[in-house]
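Following: one structure in structure tokens, then a few remarks.
There are 2 protein chains.
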Amino acid sequence: MLERKVKTVRALERGLDVLIEVQARRAVSLHELHQALQLPKATLLRMLLTLGRKGLIWQRLADGAYLPHLGPAARGTGSAVEHIAEIASPYMKALSTKVAWPSVLGVPRLDHMEILETNSPLFRLDSAILGPVGVKLSYIHTATGRAYLAACDEQEREAIIARLRPKDAAPGSEDDLRTILAETRDRGYALREPLHPWPDRSKQLVLRDGRRSMAVAIMANGAPIATINLTWPAKRGTDEAVMHRHLEALHQTAQAIGRAVATQSVGAPLAGNAV
Amino acid sequence: MLERKVKTVRALERGLDVLIEVQARRAVSLHELHQALQLPKATLLRMLLTLGRKGLIWQRLADGAYLPHLGPAARGTGSAVEHIAEIASPYMKALSTKVAWPSVLGVPRLDHMEILETNSPLFRLDSAILGPVGVKLSYIHTATGRAYLAACDEQEREAIIARLRPKDAAPGSEDDLRTILAETRDRGYALREPLHPWPDRSKQLVLRDGRRSMAVAIMANGAPIATINLTWPAKRGTDEAVMHRHLEALHQTAQAIGRAVATQSVGAPLAGNAV
DNA sequence: TGGGCGCGTTGCATAAGGTGAAACACGCTG
DNA sequence: CAGCGTGTTTCACCTTATGCAACGCGCCCA
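Here it is as structure tokens:
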């Protein structure tokens with residue numbers, strides 16, 4: 001592979017440097033690439049666009065970071081799990097054009113839900129800022145967490161609840177939680193309300209941020225693998241109107257993502273209008 | 001990932017097409033790429049050189065085919081096994097400059113050794129043509145096969161012998177085989193000689209092709225993973241001289257490949273003078 | 001509140017360098 | 001030996017990659 005007498009293609013060479021750099025760091029901003037590779041940002045931008053078009057990298061909505069596309073490679077640890085953000089991203093972008101409020105994509109962890117992606121940067125409103133990627137959400141006090149708990153199978157739910165149960169849990173409080181989840185299941189979507197007494201991560205923050213939120217689970221092959229929510233300021237009393245206006249879009253988005261994950265098909269929505 | 005207002009980099013775009021094409025087909029010739037992508041061969045050549053320099057593809061000595069570099073990806077089925085050819089290739093190239101005769105890299109299969117790579121195309125001589133990639137070699141009648149049988153552990157050896165044993169095996173013939181292998185082990189390298197009575201794939205061909213051959217096992221982490229041989233015309237009676245002149249180079253090459261495989265370091269020999 | 005800074009984005013003039021036709025080299029086949 | 005198919009090299013043209021410069025925007029700090 002060391003043929004002489006023939007020049008290399010500089011544009012390709014530098015483009016590959018970018019690809020390799022993106023793959024090396026798992027997520028990287030334009031500026032980081034700029035100072036790592038010493039290339040003008042304008043040039044990088046066009047290279048990144050090209051790499052993206054070829055499906056080798058994708059850009060996270062949440063923070064604009066560039067991430068490598070995980071080929072059929074990552075069979076190791078829950079391939080699909082790591083793909084979810086990539087698959088969901090374009091659907092969430094589409095959703096942002098139909099609904100006036102931002103969404104968050106969350107996946108379950110041991111004792112919390114973790115934010116993998118959000119379209120909130122696409123909204124101009126200051127109030128739209130939701131937590132960045134990596135933020136941990138309470139299973140108990142957020143719509144996102146409740147949507148997952150309500151959708152997962154009994155065994156998993158019991159395990160999670162057991163992890164969160166305070167030593168001094170008030171009698172009957174656990175039954176309250178189960179009731180809330182049962183209602184959520186019946187209703188088909190999750191809310192922050194009603195309140196629940198157990199302490200859990202940043203409970204106070206959630207209760208005071210003056211927002212309302214609804215969430216649904218993303219199902220793939222019969223099991224919930226993630227959740228997607230919608231958050232809006234609690235100012236108006238027209239909550240019911242807001243909710244029912246957007247609930248269907250949210251559901252459809254969740255279903256579309258679930259189908260895409262199950263099919264492992266990435267990028268499909270780029271072509272046609274997904275959702 | 002669908003930014004507008006910015007053009008894509010054509011050179012990168014087309015280069016990536018080449019990369020993707022090489023990855024899609026597992027091995028591809030220049031001509032195939034030419035008619036698949038409709039690009040001039042001159043252009044392809046420079047792109048392939050660039051991709052190779054970046055470690056994304058490599059060129060097999062045996063047939064000049066371009067193969068994708070298997071990143072940390074292929075953890076699935078014996079990653080190292082599939083890497084061997086790629087890792088060994090540069091060492092075999094180096095060997096071809098030191099020794100006047102071609103070599104073959106073989107790996108064990110159920111009932112035969114398979115050729116993964118050969119440097120024979122680097123030799124001008126017509127007589128140098130060894131089998132192409134994929135050819136199946138007898139465990140019993142080739143130096144390559146005997147080198148592996150002699151080096152592998154007893155359990156594996158028994159299993160292979162059991163597979164090859166003819167129903168009407170002459171009494172004592174199996175003992176003869178074991179004696180041959182024991183001698184091979186003591187000697188440190190394998191030969192085609194002495195003959196052995198069992199029939200096995202293309203036995204007659206091997207016996208009549210007027211060549212001599214010696215082989216050694218490539219060891220990684222204490223176990224043989226492949227073999228490398230040296231083949232030359234049997235014309236001269238100076239066989240002993242030929243052998244002893246090149247035996248050390250063959251051994252060193254085998255050791256270097258074994259070390260490289262164990263370290264999973266690809267491409268190292270490209271820089272310095274390996275072996 | 002407003003000014004400044006950091007980061008991403010866009011436009012554009014310039015020449016760097018990607019491109020492919022053509023010619024060459026080589027082996028294989030008929 | 002001629003002719004074909006394949007890989008390789010060369011080179012002059014002009015597409016196109018490039019990076020400077022300017023802009024927009026959000027964020028931080030005074």
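Residue numbers (the UniProt record's numbering), protein chains in the order written: chain A, 1 to 275; chain B, 1 to 275. Even glycine gets a Cβ: it sits at the ideal position worked out from N, Cα and C. As the structure is a prediction and not an experimental result, all values here were calculated from the model.
For A:W58, DSSP records a beta bridge to A:L67. For B:A11, the nearest CB of chain A lies under 8 Å from its own CB, placing it at the interface with that chain. Counting C-beta atoms within 10 angstroms of its own C-beta, A:E248 has fewer than 16 neighbours from the protein chains shown and is therefore classed as exposed. According to the DSSP secondary-structure assignment, B:P233 is paired through a beta bridge with B:R211. In this structure, the beta-carbon distance from A:M113 to A:S103 does not fall below 8 Å. Under the three-state reduction of DSSP output, B:G52 falls in the helix class.
Between A:H196 and A:H141 a beta carbon distance of about 7 Å is seen, short of the 8 Å cut, so the two are scored as contacting.
The contact set of B:K7 on chain A, defined by CB atoms closer than 7 Å, consists of R46 in chain order. Among the bridge pairs identified by DSSP, B:I228 is matched with B:L105, B:V216.
Buried is the label assigned to B:N229, since at least 16 other Cβ atoms lie within 10 Å of its Cβ.
If you check the CB distance, A:A150 and A:R185 come in under 8 Å.
Distance from the CA of A:E13 to the CA of A:A262, rounded to the nearest whole angstrom, comes to 36 Å. Annotation for B:T144: the continuous alpha helix (DSSP H) segment containing it runs 143-151. As the crow flies, the alpha-carbon of A:V107 is around 53 Å from that of B:V216.
Checking the DSSP bridge columns, you'll see A:L137 partnered with A:M113. Following the DSSP letters along the chain, one finds A:R178 inside the alpha helix (DSSP H) bounded by residues 173-187. A direct Cα-Cα distance of roughly 12 Å separates A:V242 from A:L250. Straight across, the Cα-Cα distance linking A:R146 with A:A100 is about 23 Å.
Considering only A:L181, A:H83, A:G52, A:A65, the residue with the shortest C-alpha distance to A:G15 is A:G52.
Non-local C-beta neighbours of B:L110 in its own chain, meaning closer than 7 Å and more than five positions away in sequence, comprise R163, ordered along the chain. Secondary structure note for A:G15: its alpha helix (DSSP H) is the uninterrupted segment 10-24. Beta-bridge pairing by DSSP links A:V28 to A:Y66.
As the crow flies, the alpha-carbon of A:V6 is around 52 Å from that of B:R178.
Membership of B:Q38 in any alpha helix (DSSP H) is not indicated, and neither H nor E is assigned to it by DSSP.
With at least 16 other beta carbons inside 10 angstroms of its own, B:E86 counts as buried. Annotation: the continuous alpha helix (DSSP H) that includes A:R163 extends over 154-164. CA-to-CA, the gap between B:T43 and B:A11 works out to about 10 Å. In this structure B:L205 is exposed. Its beta-carbon is surrounded by fewer than 16 other beta-carbon atoms within 10 angstroms. Residue contact check for B:T97 against chain A: no CB pair falls below 8 Å.
Here A:A223 carries a strand assignment [DSSP, helix/strand/coil]. Just measuring C-alpha positions, the residue of B:D168, B:G134, B:Q59 sitting nearest B:L122 is B:Q59. Per the coordinates, the alpha-carbon of B:T253 lies some 38 Å from the alpha-carbon of B:A170. Ranked by how close their Cα comes to the Cα of B:A65, the residues B:V22, B:T50, B:P224, B:D153 have B:V22 in first place.
Under the DSSP definition of a beta bridge, A:L191 partners with A:M214. Of the other Cβ atoms in all chains shown, 16 or more fall within 10 Å of the Cβ of B:S138; this residue is therefore buried.
Taking a C-beta distance under 8 Å as the contact criterion, A:I225 and A:I115 do not qualify as a contact pair.
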